[in-house]
Amino acid sequence: SYPVDVDAIRADFPILERKVGGDISTPGEHDDDDTPLVYLDNAATSHTPEQVVDAIVDYYHGYNSNVHRGIHHLSQEASVAYENAHDRVAEFIGASGGREEVVFTKNTTESMNLVAYAWGLDELGPGDSVVMTEMEHHASLVTWQQIAKKTGAEVRYIRVDDDGRLDMEHAKELIDDSTKMVSVVHVSNTLGTVNPVSELADMAHEVGSYIFVDGAQSVPTRPVDVEDIDADFFAFSGHKMCGPTGIGALYGKRDILEEMQPYLYGGEMIRSVTYEDSTWEDLPWKFEAGTPPIAQGVGFAAAVDYLDDIGMENVQAHEELLAEYAYDQLSEFDDIEIYGPPGDDRGGLVAFNLDSVHAHDLSSILNEQGVAIRAGDHCTQPLHDKLGVAASTRASFYIYNTREEVDKLVDAIDAARELFA
Ligand code: PMP
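Counting in this note's numbering, the final residue of the sequence shown is number 421, and the numbers go up one at a time with none missing.
Following this line, the structure appears as structure tokens:
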């Protein structure tokens, strides 16, 4: 048995029933596919349940229109749905300010860039520091690194210890009076580590710094309350949590967002414009220039509804169960090295290497057996350098995965081992 009703959930995801292995040059035509799919690449992107697809279809069938500008009926309906979607997402992460504290973006990466450009370029300078961790995703690492170069600020990285956890003594040393931003990943997409973000928030606030939490892997997989964490900024992506691609969110405390200048300029984000100057719309629209992702916003809210119906505590329990099961299975083999903390203390993913088989070779053997995993550096190149490997293989789980699928992964690894022996 499982913490969630896996059979009922799987029925909501028809893609899980498809087969793979045929000609990929004709996406959508599956006649020559013959191998059942085992989808274990959920940290990259999750699948989309019928309920979310239906919400998007209903939007296009029923009230597709541009928002904010029109006074006609369809535009008003679209506006209500799009604005309410902000409130729904805000509620999901415990943002009591509602829509004013949730900006819709393209993804976590854009949320990070929004703050780096709109806040960082204005506020950072020589003598300031941005503190990150050695396990940051490129979304934050590259963004702050490059904004620091432009502004003359320094970047610092909190050490990751041999167990894949943050060295909090080192964090205490690094976060000091020069620190203006602490940018940390909540759940590592490579190590599976769950970082003590509230503690880091306290450390940041003690020195007058902001904290930006990258929640790309946490919001989809566990209950998150941005106010409990006391995050100043918090980012996540719809496509990793049953939602469509093309939409993500930036949470920011209202007073901070009020102070910030816009990141993108154009239509929909202004209040008034003359040839000489312009003023800005209220939050969050000030940060949403141009026609926004309306259908995606509607789908995002439906995804949040879907997850809430299952219950995020149950989602987390299911994730942890599968992660521990996979960790235990894989650690039985001497020729497999697993990265990150022990199986009972991690998010729902396991990255590993099989001795003497390159991660990419392993993934193509697994692919031949229908097992979809990710091979590469998972957008954490410096962390892989530190681990002393160029790449790793990552299996990541979601609400529809089963122990049998983990077993199939282990069997497929066995087959690869024999092939390369
Ligand atoms: N941060 C983490 C921890 C992630 O796992 C990802 C997705 N791989 C991102 C940021 C970036 O998300 P997106 O590609 O949706 O912007």
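By construction, the Cβ of each residue, glycine as well, lies at the ideal position given by its N, Cα and C atoms. All values reported here derive from a predicted model rather than from experimental measurement.
Cutoff 6 angstroms; reference S198; Cβ partners in own chain excluding five residues on either side: I229
Pick from Q296, T108, V273 that is closest to S140, judged by C-alpha positions: T108
DSSP-derived helix/strand/coil call for V131: strand
CB-CB length for R222 against M135, believed under 8 angstroms: With 8 angstroms as the limit, R222 and M135 do not qualify as a contact, their Cβ atoms being about 17 angstroms apart.
Contact the segment 57-71 vs the segment 192-211: 3+ CB pairs below 8 angstroms: no
Rounded distance between the beta-carbons of L174 and V184, thought under 8 angstroms: Between L174 and V184 the Cβ distance is about 11 angstroms, and since that is not below 8 angstroms, they are no contact.
L16 and Y400 closer than 8 angstroms at C-beta: yes
Supposed contact pair D232 and I256 - C-beta distance, whole angstroms, cut 8 angstroms: 6 angstroms
Segment contact flag, the segment 326-343 with the segment 69-85, C-beta cutoff 8 angstroms, min 3 pairs: no
Contact the segment 162-169 vs the segment 101-119: 3+ CB pairs below 8 angstroms: no
Cβ neighbour criterion (16 or more within 10 Å) applied to A8: exposed
Element boundaries [alpha helix (DSSP H), containing M181]: M181 -> not in any alpha helix (DSSP H); beta strand (DSSP E) instead, spanning 179-185.
Whole-number beta carbon distance between N195 and Q217, since they are thought to touch under 8 angstroms: Not a contact, Cβ separation roughly 11 angstroms.
Same chain, Cβ closer than 6 angstroms to Y82, five either side skipped, listed in chain order: V67, I294, G297
Own chain residues within Cβ distance below 7 angstroms of Q51, not counting five before or after: D12, A302, Y306
Close Cβ partners of S363 (< 8 angstroms) along its chain, the five nearest in sequence each way excluded: I373, R374, A375, T393
Beta bridge counterpart(s) of R394 as assigned by DSSP: A351, R374
Enclosing beta strand (DSSP E) for Y251 [first to last residue]: 248-252
P36 - DSSP class collapsed to helix/strand/coil: strand
Spatially closest choice to D33 from L322, I24, G290, by CA coordinates: I24
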